[in-house]
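Visitor:
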Amino acid sequence: MSTSDREAFIAKTIELARRAEGRTSPNPLVGAVVVRGGEIVGSGFHAQAGAPHAEIHALRMAAEKARGADLYVNLEPCCHQGRTPPCTKAIIAAGIRRVFIGILDPNPQVDGKGIAALRRAGIEVETGILSEACRRLNEAYCKFITTRLPFVTLKFAASLDGKIATTRGDSKWISGEASRRFVHELRNRNDAISVGVGTILADDPRLTTRIEGGRDPLCLIFDSRLRTPLDARVFQAASGRRVIIATEREPTPQERERFGGVGAEILSFPGAEGGVSISHVLRELGKRDVMSLLVEGGGRLGAAFLRNRNDAAAEPLADKLYLFL
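Those letters in the sequence shown? Residues 2 to 326, per this note's numbering, in order.
1) Using a 10 Å radius around the Cβ and a threshold of 16 neighbouring Cβ atoms, would you call Asp217 buried or exposed?
2) Helix, strand or coil, according to DSSP, for Asn139 in the structure here?
3) Under three-state DSSP, which class holds Phe270?
4) Taking all protein chains shown into account, do 16 or more other C-beta atoms lie within 10 angstroms of the C-beta of Ala166, making it buried, or fewer, making it exposed?
5) I'd like the span of the alpha helix (DSSP H) that includes Lys114, first residue to last.
6) Per DSSP, Gly197 is paired with what?
7) Would you call the region 84 to 93 in contact with the region 112 to 125, where contact means no fewer than 3 C-beta pairs closer than 8 Å?
8) Taking the Cβ atom as the reference point for each residue, do Val277 and Thr253 lie within a distance shorter than 8 Å?
9) Check whether the Cβ atoms of Gly51 and Cys79 sit closer than 8 Å, and answer yes or no.
10) Please identify the residue among Gly43, Ser26, Glu140, Lys156 whose C-alpha is closest to the C-alpha of Gly197.
11) To the nearest angstrom, how far is the alpha carbon of Asn311 from that of Ala304?
12) Let me know if Ser5 comes out buried or exposed under the rule of 16 or more other beta-carbons within 10 Å of its beta-carbon.
13) When you compare each of Asp192, Leu307, Ala70, Tyr142 to Gly39 by their alpha carbons, which one comes out closest?
14) Mind reading off the beta-carbon distance from Ser293 to Asn191? Whole number of angstroms is fine, and I expect it under 8 Å.
15) Under a three-way DSSP split, which group does Thr168 fall into?
16) If you drop the 5 nearest sequence neighbours on each side, which residues of the same chain put their C-beta closer than 6 Å to that of Leu208?
17) For Arg68 and Ile97, what's the separation of their Cα atoms in angstroms?
18) What did DSSP end up calling Val348 once you bin it into helix, strand or coil?
19) Quick check on this structure: which residue in Ser280, Thr85, Ser3, Leu119 has the alpha carbon closest to the alpha carbon of Glu77?
20) Grab the span of the beta strand (DSSP E) containing Leu72 for me, first residue to last.
21) Can you list, in chain order, the residues of its chain with a C-beta nearer than 7 Å to that of Asn139? Leave out the 5 residues immediately preceding and following it.
22) If you reduce the DSSP assignment to three classes, tell me which class Ser3 lands in.
23) Around the Cβ of Asp17, are there at least 16 other Cβ atoms within 10 angstroms (buried) or fewer (exposed)?
24) On a Cα-Cα basis, can you pick out the residue from Glu56, Glu258, Gly23, Glu251 that is closest to Pro87?
25) Compute the Euclidean distance between the alpha carbons of Thr25 and Leu187, then round it to the nearest angstrom.
26) Just how far apart, CA to CA, sit Arg250 and Leu302?
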């Protein structure tokens with residue numbers, strides 16, 4: 002099997018894995034193919050947490066053709082018992098001869114142990130195929146599984162003079178149609194979306210995903226003084242998605258009741274120098290298995306993420322930045 006053939010099959014696993022973008026958290030995106038005689042005889046992808054893994058789907062499709070065949074997978078097969086049985090046992094039982102892997106799984110419960118189990122069973126294993134593409138595919142998972150913090154993507158739209166709002170004070174229509182479509186794709190991929198209360202007051206956005214088959218992510222509003230209107234459109238998503246309001250003070254029982262009536266949960270995260278502690282919010286999201294966060298707020302919220310405000314850690318709070326001009 003040539004290098005180009007191996008890369009082509011791993012590229013196919015990436016393509017399969019992408020079908021479940023935004024739906025597998027806290028698990029990774031994984032696709033797998035079983036190859037015999039240069040032809041794919043089985044394929045599959047991991048659809049959601051708790052569902053069978055990609056390797057299992059591919060092996061089931063291949064059935065008896067899996068014996069003596071090759072397995073390609075973008076991420077190292079698991080070797081531990083979680084919600085589902087270890088994939089390494091199924092691979093060994095199916096009689097797979099060789100396994101080709103994009104990258105190792107950074108999960109401490111796996112991280113090379115899956116490869117070791119396969120090799121002990123006499124299966125030939127090769128790793129590092131299209132490793133950069135495989136790492137980009139699971140960049141959110143790789144951060145989350147090692148830090149328990151979500152992967153943070155910032156999105157800014159600015160006019161050519163550097164403004165992030167029009168002269169009327171709104172920012173809805175600075176970006177073009179193509180960039181707006183891309184933003185909806187980003188929303189579909191991410192577990193949560195965040196804005197500051199200034200954006201809610203200025204634009205009254207729905208913060209929904211308007212693409213076919215898309216799903217609305219959890220909505221997080223940074224609102225230190227609970228100024229979000231109870232009739233804001235963000236509470237009116239037909240999907241019934243969750244809304245969290247992060248504030249700097251403990252809300253009164255009456256405030257909890259009022260916001261609870263529109264489906265919002267209020268969490269208090271006071272910062273050391275006033276405002277909301279972003280780092281504490283991120284840790285809370287991690288506890289809730291939120292693996293990725295898209296920040297669409299205005300300049301103030303974005304700058305707070307970029308300059309690591311209210312956080313003593315050395316690492317930045319934001320991992321990726323999209324700037325639309």
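Backbone N, C-alpha and C fix where the C-beta goes; we use that ideal spot for every residue, glycine too.
Guide: In short, the structure shows the following:
1) buried
2) coil
3) coil
4) Residue placement at Ala166 cannot be trusted, given a pLDDT of 48 that sits under 50; what the coordinates show is reported in the next sentence. Result: buried.
5) 114 to 121
6) Phe223
7) yes
8) no
9) no
10) Lys156
11) Its pLDDT being 41, under 50, Asn311 is placed unreliably in this model, and the value from its coordinates should be taken loosely. Between Asn311 and Ala304, the C-alpha separation is close to 12 Å.
12) exposed
13) Ala70
14) 4 Å
15) For Thr168, the predicted structure reports a pLDDT of 41, less than 50, and the residue's modelled location is therefore unreliable. A value from the coordinates is still provided. Residue state, collapsed to three classes: coil.
16) Ile194, Cys220, Val235
17) 5 Å
18) This structure leaves residue 348 out entirely; the chain is present only between 2 and 326.
19) Leu119
20) 71 to 76
21) Pro29, Leu30, Leu76
22) coil
23) The question names Asp, but residue 17 in the sequence shown is Leu. Leu17 should be labelled buried.
24) Glu56
25) 15 Å
26) 18 Å
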